[in-house]
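Notes to accompany the following structure.
In our numbering, the protein residues as written are 451 to 605.
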């Protein structure tokens, strides 16, 4: 029988090498760049909102397998969700990585993103797994604070 961590590792490798979410999103109305100065990982998230629903998302950039896979799996997990649902899932993912959220029922909402649970045991990789999630959180916060649907900024 296959070990669950093996299944998770395969999922991470598959998303890091063959991400169909890595592309330009021509009709995006939000864009945010995320950068991890520790390792040089850099991503740009593009988001298409339809009202308060995440209709589509894509990313571009470069980085290690964990940051690329985490970004791709985050997109799969959050596409079709409302902004409030996305914020809740982001909070749960960050809590899981920081070992603050351990409730299995709570973690179920992460879907495939639960594959990154063991990253919390690798302190050097935590920022890699969190890069996209923090970038999206920043994007949603900026969008909420400005009320604008057209943001293009970097940090």
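Glycine residues also receive a C-beta, built at the ideal position from the N, C-alpha and C atoms.
From a predicted model like this one, the values you see are computed outputs, not experimental measurements.
Less than 7 angstroms between the beta carbons of residue 528 and residue 519, yes or no? Taking the first residue of the chain shown as 1, we reach residue 528 at position 78. Taking the first residue of the chain shown as 1, we reach residue 519 at position 69. Taking 7 angstroms as the Cβ cut-off, residue 528 and residue 519 do not qualify as a contacting pair.
First through last residue of the alpha helix (DSSP H) which encompasses residue 517: Walking along the chain shown from the start, residue 517 turns up at place 67. It spans 515–528 - the alpha helix (DSSP H) in which residue 517 sits, taken as one unbroken run.
Ends of the beta strand (DSSP E) at residue 494? Against the chain shown, residue 494 aligns to sequence position 44. Start and end: 491–500.
Can you give me the C-alpha to C-alpha distance between residue 553 and residue 565, rounded to a whole angstrom? What you label residue 553 is simply residue 103 of the chain shown in a count that begins at 1. What you label residue 565 is simply residue 115 of the chain shown in a count that begins at 1. Cα to Cα, residue 553 sits roughly 15 angstroms from residue 565.
Boundaries (first-last residue) of the beta strand (DSSP E) holding residue 506: Taking the first residue of the chain shown as 1, we reach residue 506 at position 56. Start and end: 503–512.
Report the CB separation of residue 532 from residue 569 in whole angstroms; it is logged as a contact under 8 angstroms. Sequence index remark: in the chain shown, residue 532 carries index 82 (1-based). Sequence index remark: in the chain shown, residue 569 carries index 119 (1-based). That pair is no contact at about 27 angstroms.
Within 10 angstroms of the Cβ of residue 574, are there 16 or more other Cβ atoms? Answer buried if so, exposed if not. Translated into positions along the chain shown, residue 574 becomes position 124. Classification for residue 574: exposed.
Go ahead and pull the three-state DSSP assignment for residue 482. Sequence index remark: in the chain shown, residue 482 carries index 32 (1-based). Strand.
Consider the Cβ of residue 541: report whether some Cβ of chain B lies at a distance smaller than 7 angstroms. Structure shown: chain B not included; a single protein chain is present.
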